[in-house]
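Quick notes on the structure that follows.
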Amino acid sequence: MFADPPAPQPLQPGESPPASTGDPLGLDGQTRAWQFNPEYQKLVTLWNQVMPMMESLTGMLKEARRLAESPDVWDAPVGRRYVEDIGEWDKRLALYRQSMLSAISDQAADTPRWVPVEAGAPHAFS
1 MFADPPAPQP
11 LQPGESPPAS
21 TGDPLGLDGQ
31 TRAWQFNPEY
41 QKLVTLWNQV
51 MPMMESLTGM
61 LKEARRLAES
71 PDVWDAPVGR
81 RYVEDIGEWD
91 KRLALYRQSM
101 LSAISDQAAD
111 TPRWVPVEAG
121 APHAFS
């Protein structure tokens, strides 16, 4: 099976923005204020919404497969076909899970966690 890609990390308690240094391109060497990127936070929220759904779907398929493999449920040869079908659905779900989580993870890797307050939040594919 596939390993899940790294999840976007939410803002941790006590986490601070990059060190405020004088901006050499700014006027009079003013310091820059930072905020946690709202676009990055959306990716964290999306990951947290998708993961329970994926876990639920995976669990339901495993339970269906367990029941389908039980001789108490199927004693006819057609039962093997259902077990094979469930196995195929399981593979497709694993690929779907990998693609969904990779898309979120890749987007998070391309999106800065902190942005200057005066600027709009940059986005990886704006």
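Quick note: the sequence shown uses the UniProt record's numbering, first residue 1, plus one each step.
C-beta atoms are modelled at their ideal positions from N, C-alpha and C, and glycine is treated no differently.
Residue i - partner residues in DSSP beta bridges
| i | result |
| --- | --- |
| Pro116 | Trp34 |
Closest Cα partner of residue i within the set the options
| i | options | result |
| --- | --- | --- |
| Gly79 | Ile104, Ala68, Gln35, Glu88 | Ala68 |
| Val44 | Val73, Ser105, Thr31 | Ser105 |
| Val50 | Gln98, Pro38, Glu15 | Gln98 |
| Arg92 | Asp4, Lys42, Thr58, Pro38 | Thr58 |
| Arg32 | Pro18, Leu101, Ile86 | Pro18 |
| Phe2 | Thr111, Leu61, Asp90 | Asp90 |
| Glu88 | Glu118, Ala64, Pro13 | Ala64 |
Buried or exposed by the 16-neighbour rule on C-beta atoms within 10 Å, applied to residue i
| i | result |
| --- | --- |
| Arg113 | buried |
| Val115 | buried |
| Ala108 | buried |
| Leu95 | exposed |
| Leu101 | buried |
| Pro8 | buried |
Cβ of residue i within 8 Å of any chain E Cβ
| i | result |
| --- | --- |
| Leu95 | The structure shown has no chain E; it contains just one protein chain. |
Reduced DSSP category for residue i - H, G, I as helix; E, B as strand; rest coil
| i | result |
| --- | --- |
| Glu15 | coil |
| Gln9 | coil |
| Val73 | coil |
| Ala68 | helix |
Where the alpha helix (DSSP H) through residue i begins and ends
| i | result |
| --- | --- |
| Asp90 | 78–110 |
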